[in-house]
Amino acid sequence: MTEVLFPQLSDEDPDGEGVLATWFVDEGATVAGGDLIAEVMVEKVTGEVRAPASGAIHLTVSEDDVVRQRSVIATIF
Amino acid sequence: MTTTETPATTAPAPTTSGRRLTTAKAMVEGIAQEMERDPSVFYLGEDVGAYGGIFSSTTGLLERFGPERVLDTPISESAFLGLAIGAAVEGMRPIAELMFVDFFGVCMDQLYNHMAKIHYESGGNVRVPMVVTTAVGGGYSDGAQHSQCLWGTFAHLPGMKIVVPSTPYDAKGLMTAAIRDDNPVVYMFHKGVMGLPWMAKNPRATAPVPEEAYEVPIGRAAVVREGHDATVVTVSLSVHHALDVAEELAGDGIDLEVVDLRSLKPLDRETVLTSVAKTGKLLVIDEDYLSYGLSGEIAATVAETDPGLLRSPVRRVAVPDVPIPYARPLEYAVLPTRDRIREAVHQLVRA
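Chains A and B, in that order, are what the protein sequence lines are.
When we follow this note's numbering, the leftmost residue of the first sequence carries the number 1, and every step to the right adds one.
When we follow this note's numbering, the leftmost residue of the second sequence carries the number 1001, and every step to the right adds one.
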């Protein structure tokens, strides 16, 4: 199992929260390493999340959820 | 004729499953694939480099293609659009970004007297294969000088094609077609369809996009919803609003057909006429100003061809001829909102 982390976008506020803006994949979808899977935002800075591994993805947060940077947003089996 | 025709390529049908992208990312992918394929393609404009475009129209291009092909320009629209025109007539394929269409006033001579007329003035000997990208539209309190659409202003002037995508699929396909076209193409993207996380959430701005390059033919509209009770002709963000209203009213037994024009020049009059011939009723929704614009052009198209197609008078929902207000309630009073569209549909189907 590989955990997918919310990227750290803010160096000034590394523990700050961000928003999971868009999931580009559905729950249970098969992803390949490197695929674009989500877009996230901290303040008004956006970042892309790419799959760190290949497999079936389980989304642990929903779109528009507010989560801390570097926390787990999905797992890949 | 100031434009030459490019043969249309057939685009693959949008898939219902598969990889999804936002409109912004689809647009960037279209640009990147053409830059990869053709070394004469380059991008220039304000904040298009490290910033990635203020509406994410160029995210990642600088890192991928370097500063010689992704150029940050000074705030000098007339100069850098002139640069692009010069490069285009010498055989390059520049894409120049006018950050907000509202800023066209400082550079319009370059656009309508040079970019759009060189092909004609040279007796067809000199081509100007360039794209002007520009952000349009309101709805987020950016005031009267940063919220306009103005596509009617551009489409009024001969010599340039105008495309206005509303979906991720069309954003990529029209970008690819625009870059490959040998004529100047103005590519107008509404900030509200880009799928930007910091704008109002728009579920229709994220959708399946094929990974391979493809073209959406310029000058062809799409019937994005089939129906029998009335035809709604529109473009850009208003397509999303029209579809929302159509889905809602389907529950009340009102069956709307929605036509996304996608290109304003050339204008696909045939698709509009075919739809109106079927439904007998026409509503035009336009986020540009009401008078002397797109909505009048569509109405005239029907009236000139066969007014007998209409079983009731044409209705228009557009921005009344006033500046777009900054104050949110006032802004939403003039924009073509779902409420205004719904009311117009009710009046139309009852008529």
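Note that the Cβ used here is the ideal one computed from N, Cα and C, for glycine as well.
Within 10 angstroms of its Cβ, does Val66 (chain A) collect 16 or more other Cβ (buried), or is it exposed?
Burial call: exposed.
Just to confirm before moving on: does the CB-CB distance between Ala1246 (chain B) and Gly1227 (chain B) stay below 8 Å?
Yes.
What residue ranges within the segment 1189–1217 of chain B form continuous beta strand (DSSP E) runs of no fewer than 3 residues, ordered along the chain?
Counting only runs of 3 or more, we get 1206–1208.
Report yes or no: is there a C-beta of chain A within less than 8 Å of the C-beta of Thr1352 (chain B)?
Residue 1352 (chain B) cannot be examined here, being either before or after the span of chain B that is shown, 1001 to 1351.
Please list, in chain order, the chain A residues whose beta carbon lies closer than 8 Å to that of Thr1206 (chain B).
Under the 8 Å cutoff, chain A gives Thr22 and Phe24.
Rounded to whole angstroms, what's the CA-CA distance from Pro1014 (chain B) to Leu1081 (chain B)? Just pull it up for me.
For Pro1014 (chain B), the predicted model reports a pLDDT of 48, less than 50, meaning its position is unreliable and no value from the coordinates is stated.
Whose Cβ in chain B lies nearer than 8 Å to the Cβ of Thr100 (chain A)?
No information on residue 100 (chain A) is available, as it lies outside the stretch 1 to 77 that chain A covers here.
Against Thr1305 (chain B), what residues of chain A qualify as contacts under a CB-to-CB distance less than 9 Å, listed in chain order?
The contacting residues do not exist; Thr1305 (chain B) stays about 43 Å from chain A at best.
Count Cβ pairs between the segment 1081–1093 of chain B and the segment 1058–1065 of chain B that sit closer than 8 Å; are there 3 or more?
Touching, no.
Count the other CB atoms, across all protein chains shown, that sit within 10 Å of the CB of Pro1336 (chain B); report buried if there are 16 or more and exposed otherwise.
Pro1336 (chain B) should be labelled buried.
Evaluate Glu12 (chain A) with the Cβ neighbour count: other Cβ atoms within 10 Å of its Cβ, from every protein chain shown; 16 or more gives buried, anything less gives exposed.
Exposed.
Any Cβ of chain B within less than 8 Å of the Cβ of Glu27 (chain A)?
With 8 Å as the cut-off, Glu27 (chain A) does not count as an interface residue toward chain B.
Do three or more CB pairs link the segment 1289–1296 of chain B to the segment 1343–1350 of chain B at distances below 8 Å?
Contact fails: fewer than three Cβ-Cβ distances are below 8 Å.
Does chain B have any CB closer than 8 Å to the CB of Val19 (chain A)?
It does; some Cβ of chain B falls within 8 Å.
Figure out for me which residue from B:Ala1177, B:His1146 and B:Ala1213 has the closest Cα to the Cα of Glu1036 (chain B).
Among B:Ala1177, B:His1146 and B:Ala1213, the Cα nearest to that of Glu1036 (chain B) is on B:Ala1213.
So that I know if they touch, is there some Cβ in chain B lying closer than 8 Å to that of Glu12 (chain A)?
Taking Cβ atoms only, chain B never reaches closer than 8 Å to Glu12 (chain A), which makes this a no.
Quick one: what's His58 (chain A) bridged to in DSSP?
In DSSP, His58 (chain A) forms a bridge with A:Thr75.
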